[in-house]
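The structure appears below as structure tokens.
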Ligand code: URA
């Protein structure tokens, strides 16, 4: 089975799973299934729920600019979230809600099998590294169970604090191509 078909099957399984938290639209993720880089955010917001696509609101517009700064488009990467339905009132997802989506996200990662996972924000970082702190660990490269994780600030945080988090996000984002090269070298690819 090819990756598109496998992901489609996974999405159908999720749609049929009545135990998954929240009633909003299922925003599964989108992009290039053969991408080297997988971006993982927290959960869909209002615009994402409305359009059933990840990162299409204000944070998404910033993400698009960051892709453009590398000469990339969003179709060059794959984008998803740890929680795939919008929590009510945009509240933070609980640990129980995050863990309800866990097996599906693991499968999605396994299918896409990216060289590098870029986590956006603390929820996504703590999904892989529960003890990590975004303020301390953003822009560092980690290897967890054979997967390379590069944590960055969430674009929404960068919009709230352009001076500090915005410039840090921009700087760390610029390094993604070099980080990919480094990972490929370490993996001897
Ligand atoms: N914030 C996220 O974490 N994910 C989205 O898809 C949109 C905003």
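In my numbering, the protein residues as written are 10 to 198. Glycine included, every Cβ here is placed at the ideal spot set by N, Cα and C. Since this is a predicted model, take the numbers as computed values, not measurements.
Burial state of residue 166 is buried, judged by a 10 Å Cβ sphere holding 16 or more other Cβ atoms.
Residue range 125–129 is occupied by the beta strand (DSSP E) that includes residue 127. Short note on residue 98: C-beta not closer than 6 Å to any heavy atom of ligand 1. One thing to note: residue 95 has its Cβ within 7 Å of the Cβ of residue 53. In the structure shown, the three-state DSSP call for residue 185 is helix.
Residue 33 and residue 97 have their C-alpha atoms roughly 8 Å apart. Contact between the stretch 138–145 and the stretch 175–188 is absent: fewer than three C-beta pairs spanning the two stretches fall below 8 Å. A direct Cα-Cα distance of roughly 7 Å separates residue 61 from residue 35. Rounded to the nearest whole angstrom, the C-alpha separation of residue 189 and residue 106 is 31 Å. For residue 90, the beta-bridge partners assigned by DSSP are 50. Unbroken beta strand (DSSP E) stretches of 3 residues or longer found wholly inside the stretch 62–115: 87–90, given in chain order. Shown here, residue 43 sits in coil according to DSSP, grouped into three states, outside any helix or strand. About 5 Å separates the beta carbons of residue 15 and residue 120, which is inside the 8 Å limit, making them a contact pair. DSSP lists 127 as the bridge partner or partners of residue 159.
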